[in-house]
Ligand code: UTP
């Protein structure tokens with residue numbers, strides 16, 4: 008895109024201030040800024056205008072959704088497990104590690120997966136996750152293709168770290184990296200911010216774009232060629248995560264559902280987790296802050312909370328269904344965050360308080376695009392140790408305790 012075209016694009020959406028410092032930039036910087044403007048998704052500005060007008064979108068009719076309980080899973084364990092192992096051996100299952108986030112709450116300046124969760128030895132989160140996956144590989148006698156989503160902010164560090172650590176014993180031929188897309192940040196008036204005089208302030212566009220980014224990176228051919236029918240999506244920060252869990256895979260396959268979600272019973276009614284439920288008859292996730300008092304406290308005849316099953320970002324999706332749904336736009340969530348920016352005088356401002364809005368799509372919204380979803384309960388003490396914060400709830404401290412309780416040497 009040349010300057011005139013960029014100016015016209017920005018004129019049309021009231022963003023010409025992005026060219027304010029253009030004349031002071033080097034040739035390379037000018038080129039890079041024009042490239043960024045060319046790639047700018049102006050649809051997000053409409054999303055922001057809507058958001059300011061009426062806030063987040065209204066939900067449909069919500070109803071509780073039960074789960075295949077731990078007891079039921081235990082009773083059918085052998086059947087589920089052998090179906091899952093068979094699918095893995097046939098190469099039908101891949102795994103997708105979502106590692107493109109900024110991990111701002113943890114406050115670690117490298118990719119979150121590089122964080123050392125060890126106490127007496129070096130044990131990075133990535134290593135921890137690969138060890139978990141290796142247990143399945145050993146049991147199945149087959150590698151599970153692993154796709155790792157990074158962002159342009161952490162891609163190089165992540166790849167180097169895997170390389171330096173020899174993929175933590177995993178077969179590198181089965182590890183594929185791809186980079187997710189970025190989205191701009193806007194100020195409260197909807198003006199896009201600059202992070203440098205020649206650079207738009209951008210951040211990873213949420214974890215909902217993972218399949219599109221995987222396809223854009225050219226991996227659809229590989230999925231089809233290799234006959235990968237299911238993808239297990241998981242977050243980088245749950246260090247107790249069971250990845251490509253044969254039992255979960257087998258249960259989902261045998262259920263006939265087109266997706267599956269691992270869930271945990273809520274620790275207490277007020278726990279701040281998204282809950283798997285039905286929305287207008289289809290699976291969906293309701294966030295804790297969207298729930299009414301009645302939804303929070305209501306119980307079923309067996310005493311369990313009606314909205315009991317919290318999601319832990321471990322889902323199974325069918326590749327054919329994902330391909331079919333690829334062009335559906337996911338809801339864009341607008342989130343208020345601290346974003347450093349260059350003011351009109353060219354000075355860098357580092358805000359103390361949230362000053363800007365970012366745009367994110369979320370993998371959990373993909374669940375609502377599915378006809379059905381197997382809600383699969385797991386024991387939170389064995390499978391849920393998220394590392395979001397340095398200490399307190401969902402932290403390095405709580406995750407270490409849980410790892411130790413599960414016999415992991417730290
Ligand atoms: P979180 O919602 O915890 O976000 O991500 P985050 O960016 O890692 O952390 P905070 O909120 O800034 O502290 C849940 C999962 O989704 C991935 C993360 O890497 C994590 O595995 N994710 C998140 C992406 O891959 N891309 C994104 O744009 C956002």
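Numbering (the working numbering), first residue to last: 8 to 417.
Ideal Cβ placement from N, Cα and C applies to all residues, glycine included.
Check	Outcome
Taking C-alpha atoms, which residue in 167, 171, 133 and 161 lies nearest to residue 153?	133
Compare the C-alpha of residue 275 against each of 240, 293, 316 and 50 and name the closest.	316
Applying the 10 Å Cβ sphere with the 16-neighbour rule, what's the burial state of residue 18?	exposed
Hey, would you say the C-beta of residue 156 is under 7 Å away from at least one heavy atom of the ligand UTP?	yes
Could you tell me how far apart the beta carbons of residue 266 and residue 377 are, in whole angstroms, since I believe they sit closer than 8 Å?	4 Å
If we ignore side chains and look at the alpha-carbon of each, how far apart do residue 416 and residue 367 end up?	36 Å
Assuming residue 29 and residue 37 make a contact with CB atoms under 8 Å, what is their CB distance in whole Å?	6 Å
Going by C-alpha distance, which of 83, 160 and 47 is nearest residue 117?	160
Would you mind listing the alpha helix (DSSP H) stretches within the stretch 249 to 282 that are 4+ residues and don't spill past its ends, in chain order?	253 to 262
Grab me the residues of residue 120's own chain with a C-beta within less than 7 Å of its C-beta, minus the 5 sequence neighbours each way, in chain order.	106, 131, 132, 133, 165 and 243
Measure from the alpha carbon of residue 321 to the alpha carbon of each residue in 398, 252, 169 and 57, then state which is nearest.	252
Is there at least one non-hydrogen atom of the ligand UTP closer than 7 Å to the beta-carbon of residue 247?	no
Under the criterion of a Cβ to heavy atom distance below 7 Å, does residue 214 qualify as lining the ligand UTP?	yes
Looking at C-beta atoms only, is the number of pairs between the stretch 337 to 347 and the stretch 355 to 369 that lie closer than 8 Å three or more?	yes
Could you check where the alpha helix (DSSP H) with residue 93 kicks off and where it finishes?	84 to 96
Let's see if you can read the secondary structure: which residues bound the beta strand (DSSP E) around residue 10?	First-last for residue 10: 10 to 19, but that is the alpha helix (DSSP H), not the beta strand (DSSP E).
Is residue 242 near the ligand UTP, judged by its Cβ being under 7 Å from some heavy atom?	yes
With respect to 7 Å, is the separation between the Cβ of residue 277 and the closest non-hydrogen atom of the ligand UTP below this value?	no
In the DSSP assignment, what residue or residues form a beta bridge with residue 289?	286
Between the alpha carbons of residue 363 and residue 209, how many angstroms are there, rounded?	11 Å
Can you have a look at residue 66 and say buried or exposed, based on whether 16 or more other CB atoms are within 10 angstroms of its CB?	exposed
Please find out if some non-hydrogen atom of the ligand GDP comes closer than 7 Å to the beta-carbon of residue 110.	Among the ligands modelled here, namely the ligand UTP, the ligand GDP does not occur.
Give me the DSSP bridge partner(s) of residue 191.	209
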